[in-house]
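A.B. asks: Quick one: structure below, then a few questions.
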Amino acid sequence: MKLLMHMCCAPCTTYPLSVLRQEGIEPTGLYFNPNIHPIEEFERRKKTVEEFAALKSLDVKIYDDFRQSDWENFEGPADDRCIMCYSVRLKRAAELAASGGFEAFTTSLLVSPYQKHDLIKELGEGFASEYGIGFYYKDFRPGFREGQREAKEMGLYRQKYCGCIISLRNP
Ligand code: SF4
Numbered sequence: 102m103k104l105l106m107h108m109c110c111a112p113c114t115t116y117p118l119s120v121l122r123q124e125g126i127e128p129t130g131l132y133f134n135p136n137i138h139p140i141e142e143f144e145r146r147k148k149t150v151e152e153f154a155a156l157k158s159l160d161v162k163i164y165d166d167f168r169q170s171d172w173e174n175f176e177g178p179a180d181d182r183c184i185m186c187y188s189v190r191l192k193r194a195a196e197l198a199a200s201g202g203f204e205a206f207t208t209s210l211l212v213s214p215y216q217k218h219d220l221i222k223e224l225g226e227g228f229a230s231e232y233g234i235g236f237y238y239k240d241f242r243p244g245f246r247e248g249q250r251e252a253k254e255m256g257l258y259r260q261k262y263c264g265c266i267i268s269l270r271n272p
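Taken in order, the sequence shown gives residues 102 to 272; the numbers are from this note's numbering.
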């Protein structure tokens, strides 16, 4: 399967990548996270993805969009903010997967027990349907700790907050 894997960060990609490779799938990574605040943190996570890609021989496409104002100016409940945040990233992943000739896309967000898992699945499936491709869904959460442990062993930077300015203020 030709699969595009949206990567929220390197540590969260560790476990899903190992599962995919065990299944014989060699994904292409996609770093697209305009939610990350501030720019220094955005650059640090991006650099960590590049380090990870080199260590794992993973092909990764980097999109340098940095658009913190959408999150900074957001007024409304936290759940709505996260819906916007997932949607921006998953929609772009679906668009790029479709235009790049991929059969399906997925996201490393599915590994985190701290994210709204069912919502990510619902949005991913919705955008997949909109763009006429598949959404590779798997509940990777049981491997979250294992992935974080491997990331630590590789010496990768592991952030302490989700990403947007509001999550920085209230981790
Ligand atoms: S808390 Fe995380 S998922 Fe929610 S808006 Fe902020 S960065 Fe996005």
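Even glycine gets a Cβ: it sits at the ideal position worked out from N, Cα and C.
Excluding five sequence neighbours on each side, which residues of the same chain lie with their C-beta closer than 7 Å to the C-beta of V212?
C.D. replies: C113, Y116, P117, F241, R242, G244, F245 and G248
A.B. asks: Check whether the region 214-225 touches the region 118-130, counting contact only when three or more Cβ pairs, one atom from each stretch, lie closer than 8 Å.
C.D. replies: no
A.B. asks: Going by C-alpha to C-alpha distance, which of L220, G256, M185 and K103 sits closest to S170?
C.D. replies: M185
A.B. asks: Which whole-angstrom value describes the C-beta separation of A229 and A195, a residue pair presumed to lie in contact below a C-beta threshold of 8 Å?
C.D. replies: 6 Å
A.B. asks: Can you check the region 193-265 for any beta strand (DSSP E) of at least 3 residues that lies completely inside it and give the ranges in chain order?
C.D. replies: Taking only runs of at least 3 residues, the beta strand (DSSP E) segments lying wholly in the region 193-265 are 205-208.
A.B. asks: Buried or exposed: where does P128 fall if 16 or more other Cβ atoms within 10 Å of its Cβ makes it buried?
C.D. replies: buried
A.B. asks: Between T208 and I234, what straight-line distance do the alpha-carbon atoms span, to the nearest angstrom?
C.D. replies: Straight-line Cα distance between these residues: approximately 14 Å.
A.B. asks: Can you tell me whether DSSP reads L159 as helix, strand or coil?
C.D. replies: Of the three classes helix, strand and coil, the one that applies to L159 here is coil, per DSSP.
A.B. asks: Would you kindly work out how many angstroms separate the C-alpha atoms of P139 and R145, rounded to a whole number?
C.D. replies: When rounded, the separation of the alpha-carbon atoms in P139 and R145 is 10 Å.
A.B. asks: Determine the extent of the beta strand (DSSP E) in which Y132 is found, giving its start and end residues.
C.D. replies: T129 to Y132
A.B. asks: Is there at least one non-hydrogen atom of the ligand SF4 closer than 8 Å to the beta-carbon of C263?
C.D. replies: yes
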